[in-house]
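Chains as they are written, first to last, in the numbering used here: chain A, 1 to 409; chain B, 1001 to 1082.
Here it is as structure tokens:
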């Protein structure tokens, strides 16, 4: 059971997408795990053949429990009807102790492919369920629908939520069909999420000596560039100011490595890539901060597409393990909600949280004169065990400089 | 499409973007951003949906002047007659 965040102690394996004998490739989605953050797609960390499955679907196990064994394919054991799997899991754990091999480590991912793939469809092997989105799978499970009876309308015949919903509606008596009650996200437990946030933030304030810096950035150049860029484009191709903030921040993180990484076992470890976490408010309560992998290398339109995809999946289910646990620093843009400045709380084991307030017209001294300019307050909360305010100030300075040259972002 | 049909269409799209909104109880004069917690990403998704379903491309500059469902209905009504 992978650790999908510092605050996670147990997870429920909801579904296997593989069976013994299947060939799997690093990065392939092999299982769905339900956590306080909702249903997460879990990717495998190595190439190989699934030899044995230790934990059955719908089982809650502690983080670190071996879920399956992957090897060369020499010792493939089919899933047994009777459940002696738990015993074997324990035996395997004992054998591999003291450090049981975790299933997918939250490790830096291979370079993402050109387009985001909200749901990658694994090759279907006999005995496994048909390819389906996590939201569709959860909904089917809740409604007691066998996915094998559903026809997928997504890419490559993948079953999407709509397909399941259509069947549910068909089966339900008409009186219940126009249910308008607010629909909570599948697999989402607001109390659990609040508890998880409480644990992570308490740990942050207990362990991390934060220091805080802030500066005001003139947005005239950025807004003018954006206005011009969006002018002739249809809404689907437009870019938001947030994407410029993200790109400028990601580039600055790449050159200020003491802010980009993780503090683990009394030691700071640089991250190899800039996987920029985005704090996303969930309608109905709570917060997740999944990462956009390699954010510093993405062109703005691509970054925008990823951001939209990430927000959509954060709110409807279907985030991947590497996104949930892979952030090397996090950005929050609470300015959307009208506040001028955000003082962030670092998400451990990360060491920096960057906050963007509300972009708004302000009086600014430009040369000898007073001018009204669009401006934004940018803040940094950073870990004093790893770096000092001097570096933090240089970092904010670089974000400022980058935003003055939006055409280069 | 009359105003009532337009309103139903917009509410459908609003419900897709923000499933927690009770579409039976939306005030046409309430500010979408403040009252219904729509952020810039939600707004962009709404404009995209309007463009795809109604063929009306609302520019950012125009959208910046619209704050309520009623504003949107006025704008779309005006532009779809042309």
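Heads up, the beta-carbon is just placed ideally off N, CA and C, and yes, glycines get one too.
query                                                                                                                                                                                 : result
Quick check: is the beta carbon of residue 1020 of chain B nearer than 8 Å to any beta carbon in chain A?                                                                             : yes
Check for me: the beta strand (DSSP E) holding residue 16 of chain A runs from which residue to which?                                                                                : 10 to 16
Under three-state DSSP, which class holds residue 1034 of chain B?                                                                                                                    : helix
Quick check: what's the CA-CA separation for residue 367 of chain A versus residue 241 of chain A?                                                                                    : 26 Å
Go ahead and label residue 1002 of chain B buried or exposed: buried means 16 or more other beta carbons lie within 10 angstroms of its beta carbon, across all protein chains shown. : exposed
Is residue 1080 of chain B close to chain A? Criterion is C-beta to C-beta, closer than 8 Å.                                                                                          : no
How far does the beta strand (DSSP E) with residue 246 of chain A in it extend, from its first residue to its last?                                                                   : It is not in any beta strand (DSSP E) - residue 246 of chain A instead sits in the alpha helix (DSSP H) that spans 241 to 255.
Using DSSP bridges, identify the partner residues of residue 268 of chain A.                                                                                                          : A/263
What first and last residue would you give for the alpha helix (DSSP H) that runs through residue 377 of chain A?                                                                     : No alpha helix (DSSP H) holds residue 377 of chain A; the beta strand (DSSP E) holding it covers 369 to 383.
Report the partner residues of residue 211 of chain A according to the DSSP bridge assignment.                                                                                        : A/382
Within 10 angstroms of its Cβ, does residue 9 of chain A collect 16 or more other Cβ (buried), or is it exposed?                                                                      : exposed
Is the distance from the Cβ of residue 24 of chain A to the Cβ of residue 33 of chain A below 8 Å?                                                                                    : no
Which chain B residues sit within Cβ distance under 7 Å of residue 230 of chain A?                                                                                                    : 1060
Could you pull the start and end residues of the beta strand (DSSP E) that residue 432 of chain A belongs to?                                                                         : The question about residue 432 of chain A has no answer, for chain A in this structure spans 1 to 409.
At the 8 Å Cβ level, is residue 1066 of chain B part of the contact set with chain A, yes or no?                                                                                      : no
In whole angstroms, give me the CA-to-CA distance for residue 151 of chain A and residue 159 of chain A.                                                                              : 7 Å
Start and end of the alpha helix (DSSP H) containing residue 78 of chain A?                                                                                                           : No alpha helix (DSSP H) holds residue 78 of chain A; DSSP gives it neither H nor E.
DSSP beta-bridge partners for residue 22 of chain A?                                                                                                                                  : Paired residue(s): none; residue 22 of chain A is not in a bridge.
Hey, would you say residue 238 of chain A sits closer than 8 Å to residue 1044 of chain B, going by beta carbons?                                                                     : yes
Going straight from the alpha carbon of residue 341 of chain A to that of residue 399 of chain A, what length do you get?                                                             : 16 Å
Which residues mark the beginning and the end of the beta strand (DSSP E) in which residue 41 of chain A is found?                                                                    : 38 to 43
For residue 310 of chain A, tell me which candidate among A/277, A/388, A/250 has the shortest Cα-Cα distance.                                                                        : A/277
Determine the direct distance from the alpha carbon of residue 1057 of chain B to that of residue 1006 of chain B, and round the result to whole angstroms.                           : 15 Å
At a cut of 8 Å, does the segment 263 to 281 of chain A reach the segment 320 to 329 of chain A through at least three beta carbon pairs?                                             : yes
Nearest by alpha-carbon distance to residue 450 of chain A: which of A/5, A/20, A/75 is it?                                                                                           : Residue 450 of chain A falls outside the range modelled here, since chain A spans only 1 to 409, and no answer is possible.
Which residues in chain A sit within 8 Å of residue 1048 of chain B, going by Cβ to Cβ distance?                                                                                      : 234, 235, 236
Would you mind sorting residue 377 of chain A into buried or exposed? The rule is 16 or more other CB atoms within 10 Å of its CB.                                                    : buried
Hey, residue 351 of chain A and residue 259 of chain A are a contact pair by Cβ (cut 8 Å); roughly how many whole angstroms apart?                                                    : 6 Å
What are the boundary residues of the alpha helix (DSSP H) that residue 222 of chain A is part of?                                                                                    : 220 to 231
List, in chain order, every chain A residue whose beta-carbon is nearer than 9 Å to that of residue 1001 of chain B.                                                                  : Here the premise fails: no neighbours, minimum Cβ distance about 19 Å.
Does the structure place the segment 1057 to 1073 of chain B close enough to the segment 1014 to 1030 of chain B that three or more beta carbon pairs sit under 8 Å?                  : yes
Is residue 48 of chain A close to chain E? Criterion is C-beta to C-beta, closer than 8 Å.                                                                                            : Among the chains of the structure shown, chain E does not appear; the protein chains present are A and B.
Please list the residues of the segment 295 to 316 of chain A that have a C-beta atom closer than 8 Å to any C-beta atom in chain B, keeping them in chain order.                     : 307, 308, 311
State the start and end residues of the unbroken alpha helix (DSSP H) segment that holds residue 304 of chain A.                                                                      : 300 to 316
Can you tell me which residues form a DSSP beta bridge with residue 409 of chain A?                                                                                                   : Note: residue 409 of chain A sits in no beta bridge, so no partner.
Considering only the beta carbon of each residue, do residue 51 of chain A and residue 76 of chain A sit closer than 8 Å?                                                             : yes
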